[in-house]
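Note that my numbering has the sequence shown beginning at 33, numbered continuously upward.
C-beta atoms are modelled at their ideal positions from N, C-alpha and C, and glycine is treated no differently.
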Amino acid sequence: MSKKRFVVKCLYQMTYYEMGGNPLPRVSWAERMFYVLSENVDASYRTAEELALEYECDYAQGDVLVCCRLYEISDSMELTAPTVKNGTELYTNFFEATTEEMEAILRLQYGEKGPAADTVS
């Protein structure tokens, strides 16, 4: 059976601890997209999980211990473009959210927005 090309999205959670082991109230997230060759969508999730687990780690950041763990493999999309070249769409995700929900997500990810570039102060 020939393999198909997939892009798979993996979500990681970073938790923070004092060096003595006490958890800190901070949590961070990272998304990684993996390109995998698999027979089908189900197999792409399994392949991506093997790759994604290799990125789990613990490391010191100053006097804080950071633990990075795979949280979820959330999406897999088959690449149907015959070649990957400049401008090729690699991933699309459609979801429903109100404007307020989306703004809250963006604020959490990127902080408060500054004034628009064309705004005169």
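Phenylalanine 38 is positioned such that its CB atom lies closer than 9 angstroms to that of alanine 80. For alanine 84, the uninterrupted alpha helix (DSSP H) run begins and ends at 73-85, by DSSP. Looking at the backbone, the Cα of tyrosine 142 and that of glutamate 133 are separated by about 14 angstroms. Between tyrosine 49 and leucine 56, the gap from beta carbon to beta carbon is short of 9 angstroms. In this structure, the CA atom of leucine 111 is about 41 angstroms from the CA atom of glycine 94.
Counting C-beta atoms within 10 angstroms of its own C-beta, serine 76 has 16 or more neighbours from the protein chains shown and is therefore classed as buried. In the three-state DSSP reduction, leucine 138 falls in the helix class (H, G or I). Straight across, the Cα-Cα distance linking leucine 102 with valine 116 is about 27 angstroms.
Where serine 106 is concerned, the enclosing beta strand (DSSP E) starts and stops at 96-110. The Cβ atoms of tyrosine 87 and tyrosine 123 do not sit closer than 9 angstroms to each other.
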